[in-house]
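A.B. asks: Read in order, the letters of the sequence shown correspond to residues 1 to 452 in the working numbering. Built from N, CA and C at the ideal position, the CB exists for glycine as well.
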Amino acid sequence: SGSAPNPTRLQYPEGFLWGCATASYQIEGGAKDGGRGPSLWDVFSHTPGKTHEGDTGDVADDSYHLYKEDVRLLKNLGVQTYRMSMSWSRIFPEGKGKVNQTGVDYYSNVVDELLKNNITPYITLFHWDTPAALAGGWQNRDTSKAFADYAAFITKKLGDRVKHWMTTNEFVCFTDLGYKIGQFAPGLKLPDAQVNQVRHHGILAHGLAVQAIRANTPSGTQVGLAENATVYVPIIETKEHVEAAQKATRLGNAPFLTALMEGKYMNLYLEREGANAPKVEEGDFKAISSPLDFVGINVYTPFFVRADDSKQGYAEIPYPTSQPKMASPWILLAPECLYWAVRNVVDLWKIPALYITENGTSSDDVINSAGRIDDIDRIMYLRNHLSHLHRAVSEGYPVKGYFLWSLLDNFEWADGYSKRFGIHYVDFKTQKRTPKLSAEWYKNTIAQNAVL
Ligand code: PNW
Numbered sequence: 001s002g003s004a005p006n007p008t009r010l011q012y013p014e015g016f017l018w019g020c021a022t023a024s025y026q027i028e029g030g031a032k033d034g035g036r037g038p039s040l041w042d043v044f045s046h047t048p049g050k051t052h053e054g055d056t057g058d059v060a061d062d063s064y065h066l067y068k069e070d071v072r073l074l075k076n077l078g079v080q081t082y083r084m085s086m087s088w089s090r091i092f093p094e095g096k097g098k099v100n101q102t103g104v105d106y107y108s109n110v111v112d113e114l115l116k117n118n119i120t121p122y123i124t125l126f127h128w129d130t131p132a133a134l135a136g137g138w139q140n141r142d143t144s145k146a147f148a149d150y151a152a153f154i155t156k157k158l159g160d161r162v163k164h165w166m167t168t169n170e171f172v173c174f175t176d177l178g179y180k181i182g183q184f185a186p187g188l189k190l191p192d193a194q195v196n197q198v199r200h201h202g203i204l205a206h207g208l209a210v211q212a213i214r215a216n217t218p219s220g221t222q223v224g225l226a227e228n229a230t231v232y233v234p235i236i237e238t239k240e241h242v243e244a245a246q247k248a249t250r251l252g253n254a255p256f257l258t259a260l261m262e263g264k265y266m267n268l269y270l271e272r273e274g275a276n277a278p279k280v281e282e283g284d285f286k287a288i289s290s291p292l293d294f295v296g297i298n299v300y301t302p303f304f305v306r307a308d309d310s311k312q313g314y315a316e317i318p319y320p321t322s323q324p325k326m327a328s329p330w331i332l333l334a335p336e337c338l339y340w341a342v343r344n345v346v347d348l349w350k351i352p353a354l355y356i357t358e359n360g361t362s363s364d365d366v367i368n369s370a371g372r373i374d375d376i377d378r379i380m381y382l383r384n385h386l387s388h389l390h391r392a393v394s395e396g397y398p399v400k401g402y403f404l405w406s407l408l409d410n411f412e413w414a415d416g417y418s419k420r421f422g423i424h425y426v427d428f429k430t431q432k433r434t435p436k437l438s439a440e441w442y443k444n445t446i447a448q449n450a451v452l
């Protein structure tokens, strides 16, 4: 069979889960259909100057209407799993209070369609599309509570069929990028103290949601999150640099994953922030550090570090300008990050199960005269990352599965439709989906359960 042991190739273990990932605002469209309320991303993308050429998620891939076709694409790939997210304001148009049954029915139908095709849904409750009606957004502590109520409601509804839940996706993107840098919704540039409070509300929302899901779903339900833990690669694999990479992993993720895993903010972070440190209420960290069944990490690109004798114990190595980049300039090519992402966090925090919840790249995809999209750069990126992930699996790290970002070209946030991350090409005028060469490659990877 495709899984027969073969020492000459990078065979993945039996039962390893292959999947694709997407997010609601990036693929669904149907922004005003079926009673959906606006999210901060609807407001932001409709504000002139915020996204590439004013692109919005109004239509996106129209997956709100075409979801059955998208499940067929998944089926054709042979994936065992699909990571999707739900639009909070499709379920609670005002973020809380009145339920929109049409929205609930939509997700229930998507889940049924997946299960009918033997594809296991992994659902992210929040991938940045905060309901616009929630006053103050993530500056307001009440948003964390509203999130937990939404989590309780929808996991109770779908918990008979959905067994894997992720609370939030990538804290830094909806906190720092939205409230400090201003590049993402809601586009604010707040002072540090307020940003730290927004970050705290983000991890609090996660923690309260974990408690809410546990209280409302059958036992055996698996709860985790998807976090873009910043990845640090030791410049050379010696004891001192490996330790430096671990120190960097703790400090570099101090407001987020480190706080979740350690049940408090680390001293070095609190010292550094001083008077700007977040205000923490009694009980917050009990929720925030709720035990998880798995941790999902999204990995695209790392930093390189070396040991030094500074207080933090490491220094980041700037990239040479000649470091290869993919079509999005922030994706510097360094595939060893997939190995170190796993090793750093598991060695530090003894995580029971881990998924790569996103990995992939944009590419300057074009349809050639033969009608094909020969995205060999994407295949190169994926093949090399999966080779390094294979090392982690071989060394016994508990990696259970891999979700490729993304199933389809989609609304790439501030970059609008100018960056294509899909392994299926989407013609945004006709909504026609065409498998790229990388889809064919991924299909073969899954069938062989090996990296070739
Ligand atoms: C992730 N950065 O986000 C997201 O989870 C996806 O929704 C997104 O489409 C994907 O990566 C590709 O970008 C990131 O600028 C977006 O450093 C931007 C950055 C990092 C992650």
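Exposed or buried, which one is ALA370 when buried takes at least 16 other CB atoms within 10 Å?
C.D. replies: The residue labelled residue 370 in the question sits at position 370 within the sequence shown. Exposed, because fewer than 16 other Cβ atoms sit within 10 Å of the Cβ of ALA370.
A.B. asks: Cβ of LEU177 within 8 Å of any heavy atom in ligand 1?
C.D. replies: On the sequence shown, position 177 is the one that residue 177 refers to. True, at least one ligand heavy atom lies under 8 Å from that Cβ.
A.B. asks: Any idea if ASP427 is buried or exposed, counting beta-carbon neighbours within 10 angstroms, 16 or more meaning buried?
C.D. replies: Here the question's residue 427 lines up with position 427 in the sequence shown. Classification of ASP427: exposed, given that the 10 Å Cβ count is below 16.
A.B. asks: Identify every residue that forms a DSSP beta bridge with ASP427.
C.D. replies: Within the sequence shown, the letter at position 427 stands for residue 427. DSSP output for ASP427 lists LYS432 as bridge partner(s).
A.B. asks: Is THR230 buried or exposed, if buried means 16 or more other CB atoms sit within 10 Å of its CB?
C.D. replies: Taking the sequence shown and counting its residues from 1, one reaches residue 230 at position 230. By the neighbour-count rule (16 or more Cβ atoms within 10 Å), THR230 is buried.
A.B. asks: What residue from PRO191, SER87 and THR168 has the CA that sits closest to ASP42's CA?
C.D. replies: Looking up residue 42 in the sequence shown gives position 42. Checked all of PRO191, SER87 and THR168; the closest Cα to ASP42 is SER87.
A.B. asks: Using DSSP's beta-bridge definition, name the partner residues of THR120.
C.D. replies: The sequence position of residue 120 within the sequence shown is 120, counting from 1. For THR120, which the question treats as bridged, DSSP gives the partners THR81.
A.B. asks: Would TRP138 and TYR25 be called neighbours here (beta carbons separated by less than 9 Å)?
C.D. replies: In the sequence shown, residue 138 corresponds to position 138, counting from 1. In the sequence shown, residue 25 corresponds to position 25, counting from 1. Contact: no.
A.B. asks: Are three or more beta carbon pairs between the segment 27-45 and the segment 107-117 nearer than 8 Å?
C.D. replies: Too few Cβ pairs lie closer than 8 Å, so no.
A.B. asks: How far does the alpha helix (DSSP H) with LYS286 in it extend, from its first residue to its last?
C.D. replies: For the purposes of this step, residue 286 is identified with residue 286 of the sequence shown, where counting begins at 1. Where LYS286 is concerned, the enclosing alpha helix (DSSP H) stretches over 284-288.
A.B. asks: Could you spell out the range, first to last residue, of the beta strand (DSSP E) harbouring TRP165?
C.D. replies: As a first step, residue 165 is located in the sequence shown; it is residue number 165 there, counting from the start. Looking at the DSSP string, the run of the beta strand (DSSP E) that includes TRP165 is 164-169.
A.B. asks: Buried or exposed: which applies to ALA450, given that a residue is buried once 16 or more other Cβ atoms fall within 10 Å of its Cβ?
C.D. replies: Within the sequence shown, numbered from 1, the residue matching residue 450 stands at position 450. The residue in question, ALA450, is buried, as its Cβ has 16 or more Cβ neighbours within 10 Å.
A.B. asks: Considering only C-alpha positions, which residue in the set GLU262, ALA248, LYS350 and LEU292 is nearest to ILE317?
C.D. replies: Translated into positions along the sequence shown, residue 317 becomes position 317. Among GLU262, ALA248, LYS350 and LEU292, the Cα nearest to that of ILE317 is on ALA248.
A.B. asks: If MET166 sits next to THR357, beta carbons under 8 Å apart, how far is it from one beta carbon to the other, in whole angstroms?
C.D. replies: Within the sequence shown, residue 166 is the residue found at index 166, counting from 1. Within the sequence shown, residue 357 is the residue found at index 357, counting from 1. That belief holds up - the Cβ atoms of MET166 and THR357 are roughly 7 Å apart, short of 8 Å.
A.B. asks: Let me know the secondary structure DSSP gives LEU17 once reduced to three states.
C.D. replies: Against the sequence shown, residue 17 aligns to sequence position 17. The answer is strand: DSSP assigns LEU17 an E or B state.
A.B. asks: With three or more C-beta pairs closer than 8 Å as the rule, is the segment 341-355 touching the segment 224-239?
C.D. replies: Yes: at least three Cβ pairs fall under 8 Å.
A.B. asks: Which whole-angstrom value is the C-beta distance of LEU382 and LEU404, which I expect to be below 8 Å?
C.D. replies: Locating residue 382 in the sequence shown gives position 382, counting from the first residue. Locating residue 404 in the sequence shown gives position 404, counting from the first residue. Yes, they are in contact, since the Cβ atoms of LEU382 and LEU404 sit about 7 Å apart, within 8 Å.
A.B. asks: Determine the direct distance from the alpha carbon of LYS279 to that of TYR442, and round the result to whole angstroms.
C.D. replies: Residue 442 sits at position 442 when you count from the first residue of the sequence shown. Residue 279 sits at position 279 when you count from the first residue of the sequence shown. Cα to Cα, the separation comes out at about 46 Å.
A.B. asks: Beta-carbon separation of VAL111 and ARG72 under 9 Å?
C.D. replies: Working through the sequence shown from its first residue, we reach residue 111 at position 111. Working through the sequence shown from its first residue, we reach residue 72 at position 72. For VAL111 and ARG72, no; Cβs fall outside 9 Å.
A.B. asks: Count the other CB atoms within 10 Å of the CB of ALA275; is the residue buried (16 or more) or exposed (fewer)?
C.D. replies: For the purposes of this step, residue 275 is identified with residue 275 of the sequence shown, where counting begins at 1. So ALA275 counts as exposed.
A.B. asks: Taking SER63 as the reference, which of SER418, ARG420, PHE411 and GLY360 has the closest Cα?
C.D. replies: Taking the sequence shown and counting its residues from 1, the one referred to as residue 63 is at position 63. With distances taken between Cα atoms, SER63 lies closest to PHE411.
A.B. asks: Which one or two residues does DSSP pair with LYS325 in a beta bridge?
C.D. replies: Here residue 325 corresponds to residue number 325 of the sequence shown, with the count starting at 1. Per DSSP, LEU332.
A.B. asks: Which of helix, strand or coil does DSSP assign to PHE92?
C.D. replies: On the sequence shown, residue 92 is found 92 positions in, with the first residue counted as 1. PHE92 falls in the coil class under three-state DSSP.
A.B. asks: Just the Cα atoms here: how many angstroms apart are VAL242 and LYS350?
C.D. replies: Your numbering for residue 242 matches position 242 in the sequence shown. Your numbering for residue 350 matches position 350 in the sequence shown. So the alpha carbons of these two residues sit roughly 17 Å apart.
A.B. asks: What residues match up with VAL223 in a beta bridge as DSSP calls it?
C.D. replies: Position 223 of the sequence shown holds residue 223. In the DSSP output, where bridge partners are listed per residue, VAL223 has TRP165.
A.B. asks: How many angstroms separate the CA atom of SER85 from the CA atom of CYS20?
C.D. replies: Position 85 of the sequence shown, counted from the first residue, corresponds to residue 85. Position 20 of the sequence shown, counted from the first residue, corresponds to residue 20. One C-alpha to the other measures close to 12 Å.
A.B. asks: What are the boundary residues of the beta strand (DSSP E) that LYS311 is part of?
C.D. replies: Position 311 of the sequence shown, counting from 1, holds the residue named residue 311. Taken as a continuous stretch (DSSP letters only), LYS311 belongs to no beta strand (DSSP E), as it is neither H nor E.
A.B. asks: Name the two residues that bound the continuous alpha helix (DSSP H) containing LEU208.
C.D. replies: The sequence position of residue 208 within the sequence shown is 208, counting from 1. Segment 192-216, the alpha helix (DSSP H) holding LEU208.
A.B. asks: Express the C-alpha separation of LYS429 and ALA254 in angstroms, rounding to a whole number.
C.D. replies: Position 254 of the sequence shown, counting from 1, holds the residue named residue 254. Position 429 of the sequence shown, counting from 1, holds the residue named residue 429. Distance between the alpha carbons of ALA254 and LYS429: 43 Å.
A.B. asks: Report back the beta-carbon spacing between ALA414 and PHE184 to the nearest angstrom; my notes put them in contact at under 8 Å.
C.D. replies: As a first step, residue 414 is located in the sequence shown; it is residue number 414 there, counting from the start. As a first step, residue 184 is located in the sequence shown; it is residue number 184 there, counting from the start. That pair is a contact at about 6 Å.
A.B. asks: What residues match up with TRP413 in a beta bridge as DSSP calls it?
C.D. replies: Numbered from 1 along the sequence shown, position 413 holds the residue referred to as residue 413. TRP413 is not bridged to any residue.
A.B. asks: Is it the case that the Cβ atoms of ALA133 and GLY95 are separated by a distance below 9 Å?
C.D. replies: Counting from 1 along the sequence shown, the entry for residue 133 is found at position 133. Counting from 1 along the sequence shown, the entry for residue 95 is found at position 95. In contact: ALA133 and GLY95 (Cβ atoms closer than 9 Å).
A.B. asks: Between which two residues does the beta strand (DSSP E) containing TRP405 stretch?
C.D. replies: In the sequence shown, the residue the question calls residue 405 occupies position 405. Element bounds for TRP405: 399-405.
A.B. asks: Quick check: the segment 139-156 against the segment 212-223, are there 3 or more CB pairs under 8 Å?
C.D. replies: Segments in contact, yes.
A.B. asks: To the nearest angstrom, report how far apart GLY422 and SER406 are at their CA atoms.
C.D. replies: Position 422 of the sequence shown holds residue 422. Position 406 of the sequence shown holds residue 406. Roughly 5 Å between the two C-alpha positions.
A.B. asks: When you compare the CB positions of LEU437 and ILE367, do they come within less than 9 Å of one another, or not?
C.D. replies: The residue you call residue 437 lines up with position 437 of the sequence shown. The residue you call residue 367 lines up with position 367 of the sequence shown. Going by C-beta atoms, LEU437 is not nearer than 9 Å to ILE367.
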